[in-house]
Amino acid sequence: MPLFRFSFDAMASPNELQIWHDDERQARTLADTAVADVRRIEAKYSRYRDHSVTARINCGAGGAAVAIDAETYALLGYADRCHRLSAGRFDITSGVLRHAWDFRRSPPRLPDEAEVAAATALIDWPSVEWSRGSVRLPRRGMEIDFGGIGKEYAADRMATICHEGGAPHALANLGGDVRAAGPQQDGSPWRVGISHPRQADAVMATVEIEGGAVATSGDYQRFFDLDGRRYCHIIDARSGQPVTHWQSISVLAPLCVLAGSCATIAMLLEHEAEAFLARERVAYLAVDSAGVLHRPAVAV
Amino acid sequence: MRSLDLSAHPAPLPRHWVCIAMVVLLSGCATLQPPKPWEKGRLAKQEMQFGADPIDVRLADHIYTSKEAGSGGYGVGGGGCGCN
Amino acid sequence: MAATDDEETASGVTGAAGSAGALLAAALALPGVMPASALAQTAPDQGLVALKYVDYRDWQPGGDRIHVHSPSLYLRKPLSDSLAAEGSLVYDSISGASPLYHNALSGASGKGGVTDYRTAGDVKLTKYFDGAAVGVGAAISSERDYLSRTLSLDVRVSSDDRNRTYAFGIGGASDDIDSTNGIAEGKHRRTVDLLFGVTQALSPEAIVQSNLTWSSGHGYYSDPYKTIDVRPDHRRIVAWLTRYNQHLPRFDATLSLSYRYVRDSFGSDSHTVEAAWHQPLADGWSIKPALRYYTQAGADFYFDPPFPQGFSFGEPYTADTRLSAFGALTTGVTIAKLLPEGWQMDLKVALYRQRSDWRPGGGGPGLEPLSARWIQTGISKTF
Numbered sequence: 000m001p002l003f004r005f006s007f008d009a010m011a012s013p014n015e016l017q018i019w020h021d022d023e024r025q026a027r028t029l030a031d032t033a034v035a036d037v038r039r040i041e042a043k044y045s046r047y048r049d050h051s052v053t054a055r056i057n058c059g060a061g062g063a064a065v066a067i068d069a070e071t072y073a074l075l076g077y078a079d080r081c082h083r084l085s086a087g088r089f090d091i092t093s094g095v096l097r098h099a100w101d102f103r104r105s106p107p108r109l110p111d112e113a114e115v116a117a118a119t120a121l122i123d124w125p126s127v128e129w130s131r132g133s134v135r136l137p138r139r140g141m142e143i144d145f146g147g148i149g150k151e152y153a154a155d156r157m158a159t160i161c162h163e164g165g166a167p168h169a170l171a172n173l174g175g176d177v178r179a180a181g182p183q184q185d186g187s188p189w190r191v192g193i194s195h196p197r198q199a200d201a202v203m204a205t206v207e208i209e210g211g212a213v214a215t216s217g218d219y220q221r222f223f224d225l226d227g228r229r230y231c232h233i234i235d236a237r238s239g240q241p242v243t244h245w246q247s248i249s250v251l252a253p254l255c256v257l258a259g260s261c262a263t264i265a266m267l268l269e270h271e272a273e274a275f276l277a278r279e280r281v282a283y284l285a286v287d288s289a290g291v292l293h294r295p296a297v298a299v
Numbered sequence: 000m001r002s003l004d005l006s007a008h009p010a011p012l013p014r015h016w017v018c019i020a021m022v023v024l025l026s027g028c029a030t031l032q033p034p035k036p037w038e039k040g041r042l043a044k045q046e047m048q049f050g051a052d053p054i055d056v057r058l059a060d061h062i063y064t065s066k067e068a069g070s071g072g073y074g075v076g077g078g079g080c081g082c083n
Numbered sequence: 000m001a002a003t004d005d006e007e008t009a010s011g012v013t014g015a016a017g018s019a020g021a022l023l024a025a026a027l028a029l030p031g032v033m034p035a036s037a038l039a040q041t042a043p044d045q046g047l048v049a050l051k052y053v054d055y056r057d058w059q060p061g062g063d064r065i066h067v068h069s070p071s072l073y074l075r076k077p078l079s080d081s082l083a084a085e086g087s088l089v090y091d092s093i094s095g096a097s098p099l100y101h102n103a104l105s106g107a108s109g110k111g112g113v114t115d116y117r118t119a120g121d122v123k124l125t126k127y128f129d130g131a132a133v134g135v136g137a138a139i140s141s142e143r144d145y146l147s148r149t150l151s152l153d154v155r156v157s158s159d160d161r162n163r164t165y166a167f168g169i170g171g172a173s174d175d176i177d178s179t180n181g182i183a184e185g186k187h188r189r190t191v192d193l194l195f196g197v198t199q200a201l202s203p204e205a206i207v208q209s210n211l212t213w214s215s216g217h218g219y220y221s222d223p224y225k226t227i228d229v230r231p232d233h234r235r236i237v238a239w240l241t242r243y244n245q246h247l248p249r250f251d252a253t254l255s256l257s258y259r260y261v262r263d264s265f266g267s268d269s270h271t272v273e274a275a276w277h278q279p280l281a282d283g284w285s286i287k288p289a290l291r292y293y294t295q296a297g298a299d300f301y302f303d304p305p306f307p308q309g310f311s312f313g314e315p316y317t318a319d320t321r322l323s324a325f326g327a328l329t330t331g332v333t334i335a336k337l338l339p340e341g342w343q344m345d346l347k348v349a350l351y352r353q354r355s356d357w358r359p360g361g362g363g364p365g366l367e368p369l370s371a372r373w374i375q376t377g378i379s380k381t382f
């Protein structure tokens, strides 16, 4: 039985789906179905698509409530749990911080206090009125985005599509967020390399997964260095300031959406990260700001 | 409901049956590694589920209760029949 | 400022609030992130319609032959994300010198040699909650001389990791008997059934289930078509069933084993052992050979013919061979083929033989060997 690899671009990243299958045509059909679902999620939730659910919700900020379906309600419910469990540091209304923090600007510049304050004033998930049928952002200028959840959610669904399509020996990799539907064909685990946070293209460690997921959050994806300090795109929703405690955190969990949000929340929690990850019963590899590797004291 | 009057039938379980039942249970315990959520693909297969084909179960049960005295164990509320 | 007043915030992120693994539970609520099959107590997301047809025949040396034709229909349909309905209908038409359900028959035989019939149907509604399911069912079975109505309620609750499920069930049946020979008119029987069961996933390849059922009934139990047949007016049955399924990755096969012990206040205690091997083959084919051995003790009031001398009338008495001591063996094989677009076809052939000397220690001396065979064809489609 050969391994088929399908590469595709979506959600602003290079992606790959690997399927062990004895029939190439069936594997391709399955891959097409799975990729179509990724594109569906992208079209539905990308904040850059004018007709997406996210765009409609953001357009209605300060106005009338926007009708939502069950899937959107479920995602909002998950985002709400993340908000609660991170004591408000993870907040899907924090996208407005991009107006204060511009990581593409050259030379880099720190936002002034007023800019940060203007942005954080619009970050307020608890004020969002959401219910099973609708959602309303109460103030003009507020925005939500599913940036920290959507890609991982899509990876999980790819795995489910393969599993239910009779191909449980499959691995979905959406821009570094990895989810296995099951082990490889011969029962052996998939080997997933973890990027080194300071050496581009270097692998820091390899983890083996027979199923479940690995996702990494790091300070090296979007950032600028200024006066010997790194300012990354992972920003505490309450203070409006980038976190500094960790260079990267990789989480192993049953679901990619869980691995991804645990990694991000752990980055945001800084010194409380390891206690949080232990309580969520996930395994992890974390590199602190001094480059020291941390992992669970006991196997999870 | 009245208490079950089984005292008139003290026949114990024959020893060899007890052994078989225990071997089955122990062989399970020896490899007890409850699956993680993502390891349930095999358990989800139709042949790994109990009573996956409801009509097959019911037809077999019906045939056996028409020939044998023993019944029960599988569930409650199946349709009865005149085979005492 | 994204200030919150949530309980987690108040006691700190790493404090006691928020149960361990809370985020996993929340993530599992997202649609499609995990195959539905990995989660116990999830409503079926597909409908299923299945048709089966059974051709059954039994015989004894130089004795009666019975032939039963039995078409049946099963339908399952999800009504919403958390509600599913299922139901079935079966019609038995019985021909031969002696009908299947009675040991003798009085009355004119019907058209085309059909001597008796049975119509049965049941419906069940199941509501699924997070980690639990509640089902309510009703069943009815009607014969010329027999009407049975059943109501049932069952509750299943899963552990947090979904690896263990507890089942509780209660059922009540009310049966009316009006024999065609006028011996039993307006007779009733009431039965209450209770079930407690545990299903445990032992490993990714093994699952075990153990059920205890209690049945308590009172009313008319005798056979009105027998010259003398007097049975107690109550019956208590305790059954203990343990089933075990083991997947064998080396063969891609599944081994199913089960054992059942039944204790019966009539005295006809029984043991049943079953084993089956499910082997998938190429192109969607599969084959499942199966073996079943059953043995029962004779009822306390069973007597081999001839009628015992000095029998005091008024005491329970039966010569019904179904209450005698015997052993029985079923050998069977099922062949199935998965077809595109949710279609499936299957064929099952089974041979049943019952002999008094197949009971360890020997059974009733007067019992003639009994044989039966049935051929079952089925087709189903998911939608």
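Chains as they are written, first to last, in numbering that gives the first Met the number 0: chain A, 0 to 299; chain B, 0 to 83; chain C, 0 to 382. Each residue gets a CB set at the ideal place from its N, CA and C atoms; glycine is no exception.
Report yes if the CB atom of residue i is closer than 7 Å to the CB atom of residue j, and no otherwise.
| i | j | result |
| --- | --- | --- |
| residue 127 of chain C | residue 42 of chain C | yes |
| residue 169 of chain A | residue 56 of chain A | no |
| residue 334 of chain C | residue 378 of chain C | no |
| residue 216 of chain C | residue 188 of chain C | yes |
| residue 221 of chain A | residue 205 of chain A | no |
| residue 265 of chain A | residue 274 of chain A | no |
In the DSSP assignment, what are the bridge partners of residue i?
| i | result |
| --- | --- |
| residue 231 of chain A | A:222 |
| residue 241 of chain C | C:209, C:258 |
| residue 349 of chain C | C:331, C:373 |
| residue 132 of chain C | C:127, C:155 |
| residue 171 of chain C | C:150, C:191 |
| residue 317 of chain C | C:301 |
| residue 294 of chain C | C:270, C:326 |
| residue 385 of chain C | As displayed, chain C neither begins before 0 nor continues past 382, which places residue 385 of chain C out of reach and without an answer. |
| residue 114 of chain A | For residue 114 of chain A, which the question treats as bridged, DSSP gives no partner whatsoever. |
Could you tell me if residue i is buried or exposed, where buried requires 16 or more neighbouring beta carbons within 10 angstroms of its beta carbon?
| i | result |
| --- | --- |
| residue 184 of chain C | exposed |
| residue 282 of chain A | buried |
| residue 286 of chain A | buried |
| residue 282 of chain C | exposed |
| residue 47 of chain A | exposed |
| residue 290 of chain A | exposed |
| residue 230 of chain A | buried |
| residue 291 of chain C | buried |
| residue 386 of chain C | Past the boundaries of the shown model lies residue 386 of chain C; chain C is included only from 0 to 382, so the question cannot be answered. |
| residue 113 of chain A | exposed |
| residue 101 of chain A | exposed |
| residue 255 of chain A | buried |
| residue 59 of chain B | buried |
Are any of the Cβ atoms in chain B nearer than 7 Å to that of residue i?
| i | result |
| --- | --- |
| residue 315 of chain C | no |
| residue 206 of chain C | yes |
| residue 51 of chain C | yes |
| residue 192 of chain C | yes |
| residue 203 of chain C | yes |
| residue 180 of chain C | no |
| residue 322 of chain C | yes |
| residue 48 of chain C | no |
| residue 236 of chain C | yes |
Check the Cβ-Cβ distances between residue i and every residue of chain C, and say whether any is below 7 Å.
| i | result |
| --- | --- |
| residue 68 of chain B | yes |
| residue 75 of chain B | yes |
| residue 23 of chain A | no |
| residue 273 of chain A | no |
| residue 299 of chain A | Below a pLDDT of 50, predicted positions are generally treated as unreliable, and residue 299 of chain A, at 43, falls in that range; no measurement from the model is reported. |
So, is the C-beta of residue i closer than 7 Å to a C-beta in chain A?
| i | result |
| --- | --- |
| residue 288 of chain C | no |
Between the segment 245–259 of chain C and chain A, which residues of the former have CB atoms less than 8 Å from a CB of the latter, in chain order? The segment 245–259 of chain C vs chain A, Cβ under 8 Å: 248.
Looking at chain A, which residues of the segment 72–94 of chain C have a Cβ within less than 7 Å of any of its Cβ atoms? The segment 72–94 of chain C vs chain A, Cβ under 7 Å: nothing.
Note down, in chain order, all residues in the segment 139–165 of chain A with a beta-carbon under 7 Å from any beta-carbon belonging to chain C. Within the segment 139–165 of chain A, contact with chain C at the beta-carbon level (separation under 7 Å) is assigned to 152, 155, 156, 159, 162, 163.
Can you give me, in chain order, the residues of the segment 73–91 of chain A that have a beta carbon less than 9 Å from any beta carbon in chain C? Under the 9 Å Cβ criterion, the segment 73–91 of chain A contributes 73, 74, 76, 77, 79, 80, 81, 82, 83, 84, 85, 86, 87, 88, 90.
The segment 23–37 of chain C: which residues have C-beta closer than 9 Å to a C-beta of chain A, in chain order? Near chain A, meaning a CB-to-CB distance below 9 Å, the residues of the segment 23–37 of chain C are 23, 24, 25, 26, 27, 28, 29, 30, 31, 32, 33, 34, 35, 36, 37.
Name the residues in the segment 346–378 of chain C whose C-beta lies less than 9 Å from a C-beta of chain B; which are they? Listed by position along the chain: 347, 349, 351, 353, 359, 369, 371, 373, 375, 377.
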